[in-house]
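Working notes, structure below.
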Amino acid sequence: MNSDSDLQIAGDILEVTHLLAPAREHPSTVAGFAGLARAVAADRAQWAPLVEYDATTRWYHRLRTGPGYEVWLLSWVPGQGSGAHDHGASTGVLTVLQGELTERNDRGARVLGTGAQYVSVPGHVHEVVNDSLEPAVSLHVYFPGLTEMPMYGAGARTGAAMTARQDVSTA
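Residue numbering for the sequence shown follows the numbering used here, starting at 38 and increasing by one per position.
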């Protein structure tokens, strides 16, 4: 015991759990949403049986919702892409579940392999494309839930949004 201090703890310090804030049922930070995406990714039984591939358009499925967020599952056959867009007022966490996707923005391009995560802040214009020869699957967490996805013209990754906006149910 330190005799230089008059502070003493009586009892077991681990018995103060009643003083701690309860664990959150749903995430509320970027790190929390990235963790949610990693947890879903690790549970293949939760998402793999749902995946479908469509050669004419990107396939998507809303996997779950929570207070202030949505989780989407998307598949990409070789050559499919999103077009240049942003996510309006939503932040997005993209996690590659299977395969490889290329994310392009005004800084260049980067290849995201299985397990890679990418955070997109509101107003960030980017494009996601499957440039590989194999199908890919990705998980997207949007918070708040996605309500708009402004599309941008070809080559205008940092230009003004086109006046037409794509309905998020087809994003």
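Beta carbons: idealized from backbone N, C-alpha and C, even for Gly. None of the values given here were measured: they were computed from a predicted structure.
Asked                                                                                                                  : Found
Residue 111 - containing beta strand (DSSP E), residue span                                                            : 106–113
Cβ-Cβ separation, residue 109 to residue 100 (assumed contact under 8 Å), whole Å                                      : 6 Å
Three CB pairs or more closer than 8 Å across the region 125–135 and the region 177–186                                : yes
Assigned exposure category for residue 90 - 16 Cβ within 10 Å defines buried                                           : exposed
Coil, strand or helix - residue 77 by DSSP                                                                             : helix
Span of the beta strand (DSSP E) around residue 142                                                                    : 137–142
Spatial neighbours of residue 141 in its chain, beta-carbon cut-off 6 Å, leaving aside the 5 residues before and after : 164
Residue 107 classed as buried or exposed, judged by whether at least 16 other C-beta atoms fall within 10 angstroms    : buried
Whole-angstrom C-beta distance between residue 132 and residue 78, which should lie under 8 Å                          : 5 Å
Reduced DSSP secondary structure (H/G/I, E/B, other) of residue 154                                                    : strand
Environment of residue 152 [buried if 16+ CB atoms lie within 10 Å]                                                    : exposed
Helix, strand or coil at residue 145 [DSSP, three-state]                                                               : strand
Assumed close pair residue 121, residue 188 - CB separation to whole angstroms, cut-off 8 Å                            : 7 Å
Residues near residue 105 in its chain [Cβ-Cβ closer than 6 Å; skip 5 each side]                                       : 180, 181
Unbroken beta strand (DSSP E) run spanning residue 165, endpoints                                                      : 164–166
Contacting residues, own chain, Cβ-Cβ under 8 Å from residue 167 (five flanking each side not counted)                 : 113, 114, 115, 116, 117, 118, 136, 137, 138, 139, 173
Bridge-paired residues (DSSP) for residue 96                                                                           : 112
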